[in-house]
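Note sheet for the following structure.
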Amino acid sequence: MINKNSEVILSVRNLTADVDGTQILKGLNLEVKAGEIHAIMGRNGSGKSTFSKILAGHPDYTVTGGEVIFQGQNLLELEAEERAKSGIFLAFQYPIEIPGVSNLDFLRVAYNSKRKHEALEELDAFDFDELVKSKLDVVKMDPAFLSRSVNEGFSGGEKKRNEILQMALLEPKLAILDETDSGLDIDALKIVANGVNQLATPDNAVVLITHYQRLLDYIVPDYVHVMQDGRILTTGGKELALELEARGYDWVREEVEVVAR
Numbered sequence: 649m650i651n652k653n654s655e656v657i658l659s660v661r662n663l664t665a666d667v668d669g670t671q672i673l674k675g676l677n678l679e680v681k682a683g684e685i686h687a688i689m690g691r692n693g694s695g696k697s698t699f700s701k702i703l704a705g706h707p708d709y710t711v712t713g714g715e716v717i718f719q720g721q722n723l724l725e726l727e728a729e730e731r732a733k734s735g736i737f738l739a740f741q742y743p744i745e746i747p748g749v750s751n752l753d754f755l756r757v758a759y760n761s762k763r764k765h766e767a768l769e770e771l772d773a774f775d776f777d778e779l780v781k782s783k784l785d786v787v788k789m790d791p792a793f794l795s796r797s798v799n800e801g802f803s804g805g806e807k808k809r810n811e812i813l814q815m816a817l818l819e820p821k822l823a824i825l826d827e828t829d830s831g832l833d834i835d836a837l838k839i840v841a842n843g844v845n846q847l848a849t850p851d852n853a854v855v856l857i858t859h860y861q862r863l864l865d866y867i868v869p870d871y872v873h874v875m876q877d878g879r880i881l882t883t884g885g886k887e888l889a890l891e892l893e894a895r896g897y898d899w900v901r902e903e904v905e906v907v908a909r
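Okay, structure coming up:
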């Protein structure tokens, strides 16, 4: 639910960025307030995943212009680790495997690192074990997954559920979900979507990046943005996603060009 008096969590103004010398973002503007869910849709190559990685601080992308303000601070001045500790969370389209590192240890280190940043006492192994087990029901995950190496041997759905478990523990101010629906069957999609809905509050915000309208049947966005050629061309409500499903993306550019004449 949109609260018009909510604080601005993220303000992106005229953001431009390159990767390997090729310009990907070409003047992107976006404002996200607390309590809002935003969906960014578009074809492959439109810049959606690039945008998510830039917000998270991926070193392969070079910002060449514009500004990104996160909770009043210049996000671009922060290293990736500082961004994560400050409340930025990115759920990857393709979560990586980390052999030899148990899921439980990985989650505990991440959680305690954030608590230390917030000047809070770190949880010992026993207390953290109780905490993480209390979060497993959010994504219907078997406790046995905690003793396995991070994502190693996990199915696509299990990897995505593990990402949402991380979100449940870290309680980010801004969660960016990069094609979380990719590769999920309908049952896994419902579990992941239900987890996201449980974790969305009036005090945080969610940005969903997706190709398909089906995710938005389960996580209803306040705003839908259409991205092409490195910028947001148009914005609407959930009905815009339905129109994209029916008509594709070409009409968006055509209408924008007509308005610009």
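Take 649 as the starting number for the sequence shown in my numbering and just add one per residue.
We put the CB at the ideal spot given by N, CA and C, even for glycine.
Looking at C-alpha atoms only, which residue of the options is the closest neighbour of residue i?
i: Glu684; options: Leu822, Ile857, Thr882; result: Leu822
i: Ile688; options: Gly896, Leu856, Arg901; result: Leu856
i: Gln741; options: Asn662, Val660, Ser700; result: Ser700
i: Ile730; options: His765, Val749, Pro707, Ala792; result: The amino acid occupying residue 730 in the given sequence is Glu; Ile does not appear at that position. Considering only alpha carbons, the answer is His765.
i: Thr647; options: Ala841, Thr712, Lys733; result: With the chain covering 649 to 909 only, the question about residue 647 has no answer from this structure.
Between residue i and residue j, which are expected to be in contact by the criterion C-beta below 8 Å, what is the C-beta distance as a whole number of angstroms?
i: Ala758; j: Ala728; result: Going by Cβ atoms, the distance from Ala758 to Ala728 rounds to 13 Å, so no, they are not a contact pair.
i: Val844; j: Leu832; result: No, Val844 and Leu832 are not in contact; Cβ-Cβ is about 12 Å, not under 8 Å.
i: Phe754; j: Ile744; result: Not a contact, Cβ separation roughly 11 Å.
i: Ile839; j: Arg796; result: Actually they do not touch by this definition, with Cβ atoms about 18 Å apart.
i: Asn852; j: Pro820; result: 7 Å
i: Tyr709; j: Val667; result: 5 Å
i: Phe776; j: Arg756; result: 5 Å
For residue i versus residue j, is the C-beta spacing smaller than 9 Å?
i: Glu715; j: Lys681; result: no
i: Leu658; j: Ile702; result: no
i: Leu676; j: Thr664; result: yes
i: Lys807; j: Leu794; result: no
i: Leu752; j: Val786; result: no
i: Gln861; j: Leu837; result: no
i: Gly695; j: Gly878; result: yes
Hey, quick one: how far does the alpha helix (DSSP H) through residue i stretch, first residue to last?
i: Ala682; result: From DSSP, Ala682 is part of no alpha helix (DSSP H); its letter is neither H nor E.
i: Phe963; result: This structure leaves residue 963 out entirely; the chain is present only between 649 and 909.
i: His614; result: A query on residue 614 cannot be resolved here, the shown segment of the chain reaching from 649 to 909 and no further.
i: Val757; result: 751-765
Can you grab the Cα-Cα spacing for the pair residue i / residue j, in whole Å?
i: Tyr871; j: Tyr897; result: 17 Å
i: Leu881; j: Trp899; result: 11 Å
i: Lys783; j: Arg901; result: 43 Å
i: Leu817; j: Gln721; result: 24 Å
i: Phe737; j: Glu811; result: 10 Å
i: Arg895; j: Gln876; result: 15 Å
i: Asn662; j: Pro707; result: 20 Å
Can you name the start and end residues of the beta strand (DSSP E) that residue i belongs to?
i: Gly884; result: 879-884
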